[in-house]
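Remarks on the structure that follows.
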Amino acid sequence: MRLLQISPRIYQDETIYSIAARLILNDLSASVCSGMTNVLGSRNYQIDSGLPSFLPRLAEVTGCETETLLNNHSLFNFYSMFSVSTAREAAKEMLLNGNSSGAFKALGMLANRINDERFLKFCPQCMREWEFAYGDLVWLRDHQLPLVSVCAHHRIKLVQVERRRYKLMFPRLNCESEINESVVDFKIADFSRILPTLGSFEPQKLRLTYLQRLAERGLATDKTIHLSKWRPELRKYYSHLLIDERVAQLLNDNREHGFPANIFYNKFGSHHPLKHMLIICFLFEHVGDFVVSYSAADKKALAEFKLSQPTPQLEIDHGRREKIMYAVKNKMSLRRAMKYANVSAATVRNIASGSGLSLERRNQKLTHDVVRSITLRLLVGYKTQEIAELTGVLVGDVEQILTGQPEIKQLRKRIRFYSRRQAARSVIKSEMACCDKFRVKDAKERCYSDYMWLYKHDREWLKQSINNA
Numbered sequence: 001m002r003l004l005q006i007s008p009r010i011y012q013d014e015t016i017y018s019i020a021a022r023l024i025l026n027d028l029s030a031s032v033c034s035g036m037t038n039v040l041g042s043r044n045y046q047i048d049s050g051l052p053s054f055l056p057r058l059a060e061v062t063g064c065e066t067e068t069l070l071n072n073h074s075l076f077n078f079y080s081m082f083s084v085s086t087a088r089e090a091a092k093e094m095l096l097n098g099n100s101s102g103a104f105k106a107l108g109m110l111a112n113r114i115n116d117e118r119f120l121k122f123c124p125q126c127m128r129e130w131e132f133a134y135g136d137l138v139w140l141r142d143h144q145l146p147l148v149s150v151c152a153h154h155r156i157k158l159v160q161v162e163r164r165r166y167k168l169m170f171p172r173l174n175c176e177s178e179i180n181e182s183v184v185d186f187k188i189a190d191f192s193r194i195l196p197t198l199g200s201f202e203p204q205k206l207r208l209t210y211l212q213r214l215a216e217r218g219l220a221t222d223k224t225i226h227l228s229k230w231r232p233e234l235r236k237y238y239s240h241l242l243i244d245e246r247v248a249q250l251l252n253d254n255r256e257h258g259f260p261a262n263i264f265y266n267k268f269g270s271h272h273p274l275k276h277m278l279i280i281c282f283l284f285e286h287v288g289d290f291v292v293s294y295s296a297a298d299k300k301a302l303a304e305f306k307l308s309q310p311t312p313q314l315e316i317d318h319g320r321r322e323k324i325m326y327a328v329k330n331k332m333s334l335r336r337a338m339k340y341a342n343v344s345a346a347t348v349r350n351i352a353s354g355s356g357l358s359l360e361r362r363n364q365k366l367t368h369d370v371v372r373s374i375t376l377r378l379l380v381g382y383k384t385q386e387i388a389e390l391t392g393v394l395v396g397d398v399e400q401i402l403t404g405q406p407e408i409k410q411l412r413k414r415i416r417f418y419s420r421r422q423a424a425r426s427v428i429k430s431e432m433a434c435c436d437k438f439r440v441k442d443a444k445e446r447c448y449s450d451y452m453w454l455y456k457h458d459r460e461w462l463k464q465s466i467n468n469a
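Following UniProt numbering, the numbering of the sequence shown begins with 1 at its first residue and continues without gaps.
See the structure below:
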């Protein structure tokens with residue numbers, strides 16, 4: 001049986017969240033908010049183990065030194081191990097003074113826009129052993145690290161519990177243990193657990209370590225990194241983790257110069273530790289392999305890797321525009337212009353239209369009279385399916401003509417808007433005519449969709465009409 005503790009102990013590797021939660025729940029207040037106010041002095045704190053802002057107050061309540069809480073019970077060492085020493089020391093000083101937002105900014109965590117961990121995690125076997133040894137349950141620091149989903153000691157899949165701000169909780173004992181066979185998940189857990197204990201890593205030397213291993217695996221030369229080959233291999237290696245929005249965001253193919261390229265080309269930027277962890281777990285077999293490679297990396301050898309800088313996006317866009325203009329002025333067809341500039345059809349049309357130029361069109365299978373008839377019907381707002389039935393052509397032919405006329409597309413949007421507005425107004429007017437006193441409640445009950453459409457797009461008319469009813 002677990003008993004309330006007058007002065008709760010602090011366990012080894014216990015998280016800040018676990019320490020604070022035990023103090024607040026032992027306060028026996030009417031609510032968690034009241035307990036937070038009594039223990040921490042405010043209900044506005046975010047009870048977190050990453051970079052907590054209430055360390056000075058927690059140190060005062062527990063009698064434990066602030067720096068001890070930061071180094072031994074928070075995730076500061078994990079989040080700062082890949083940062084430069086100046087940023088690391090600045091963030092540490094801010095946290096010791098309760099400035100969590102400043103620490104996030106100093107470490108570049110805000111600029112990276114990668115979401116925090118939304119779950120609390122625990123190993124069922126660890127909790128059974130912990131409860132037997134200490135008669136208590138805790139949240140362990142190694143289990144709360146980002147992307148860690150397996151216990152490095154027992155190889156058991158961690159149980160996830162959604163974290164809520166004003167509902168503090170502890171692990172459960174009645175959970176089954178499920179073995180995790182994934183080698184990748186175990187590597188992530190092992191690297192995340194051990195690397196923060198080794199101190200910090202110099203960014204320049206770290207990049208050289210990556211480059212040398214990439215070169216050994218045929219993914220880089222002394223002048224360039226084969227990103228087109230490396231990125232697909234990363235996605236394949238972490239395919240089972242793509243359901244995590246953070247991994248999916250980092251390995252998104254839509255960004256031309258995103259991760260992992262920015263690790264090498266943005267030398268003075270601060271990068272989220274998840275980026276480094278994904279690279280390290282992919283390139284190195286185990287912690288010893290990485291440590292040996294990092295220790296052997298020579299700064300002088302960095303001169304051998306003169307990576308070509310990526311072309312800025314503005315310059316890429318300008319080059320594409322110049323190619324499109326050249327293709328259009330030389331009377332190339334739409335298909336040839338697309339191939340020449342390596343862009344989509346919509347990009348060619350938009351740039352040509354914005355420059356007042358017309359595209360060279362091939363002879364169409366539709367006659368001039370049919371095209372003219374379709375265009376006129378498009379102008380007055382006929383649906384494409386109706387036009388196809390009236391003119392005896394395919395819907396795709398009608399849509400192709402419409403796609404080449406961006407002005408008509410805008411006109412049809414306005415026509416649809418005015419038609420929808422007129423229909424909604426007519427419904428409201430007919431309902432108003434049936435009631436002696438028409439109220440908002442009546443409108444929602446009888447014609448909800450029309451009322452909500454007008455409320456969003458024609459609120460002034462709706463308000464005036466109901467008031468005058």
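C-beta atoms are modelled at their ideal positions from N, C-alpha and C, and glycine is treated no differently.
Inter-stretch contact (C-beta, 8 Å, three-pair minimum) for the segment 136-151 and the segment 182-202: yes
Which of helix, strand or coil DSSP assigns to His457: helix
Short Cβ contact (8 Å threshold) for Leu145 with Phe78: yes
Burial state of Gln212 (16 or more Cβ within 10 Å): buried
For Arg164 and Phe119, the rounded distance between their alpha carbons: 9 Å
Sub-8 Å separation of Arg412 and Gly381 beta-carbons: yes
Member of Ser449, Gln464, Leu195, Pro203 whose CA lies at the smallest distance from the CA of Asp289: Leu195
Distance between beta carbons of Ser80 and Ala90, contact taken as under 8 Å: The pair is not a contact, with the Cβ atoms about 10 Å apart (cut-off 8 Å).
Residue 474 versus Glu399: straight-line alpha-carbon distance, rounded: Given a span of 1 to 469 for the chain in the structure shown, any question on residue 474 remains unanswerable.
Cβ contact (3+ pairs, closer than 8 Å) linking the segment 195-211 and the segment 238-255: no
Proximity below 8 Å, CB of Ser49 to CB of Tyr17: yes
DSSP beta-bridge partners of Glu233: Its beta-bridge partners do not exist; DSSP assigns none.
Rounded separation between Lys441 and Ser419 - CA only: 25 Å
First through last residue of the beta strand (DSSP E) which encompasses Glu162: 159-162
For Lys331, three-class secondary structure by DSSP: coil
Sequence-distant residues of the same chain with beta carbon closer than 8 Å to Lys329, five excluded per side: Leu357
Beta-carbon proximity of Arg321 to Ile280, cut-off 8 Å: no
Reduced DSSP category for Glu14 - H, G, I as helix; E, B as strand; rest coil: strand
Proximity to Asn180 [Cα-Cα], best of His154, Glu162, Pro171, Tyr166: His154
Buried or exposed by the 16-neighbour rule on C-beta atoms within 10 Å, applied to Thr292: Note on residue identity: the sequence assigns Val, not Thr, to residue 292. The residue is exposed, with fewer than 16 neighbouring Cβ atoms inside 10 Å.
Residue range of the unbroken beta strand (DSSP E) whose run includes Arg121: In the sequence as displayed, the identity of residue 121 is Lys instead of Arg. Lys121 -> beta strand (DSSP E) spans 119-122.
Whole-Å CB distance - Asp27 paired with Asn44, under 8 Å assumed: At roughly 17 Å, the Cβ-Cβ gap does not stay under 8 Å, so Asp27 and Asn44 are not in contact.
Whole-number beta carbon distance between Val343 and Ile316, since they are thought to touch under 8 Å: No, Ile316 and Val343 are not in contact; Cβ-Cβ is about 11 Å, not under 8 Å.
The segment 89-108 touching the segment 63-74, judged by at least three CB pairs closer than 8 Å: yes
Three-state class that DSSP yields for Ala189 in the structure shown: helix
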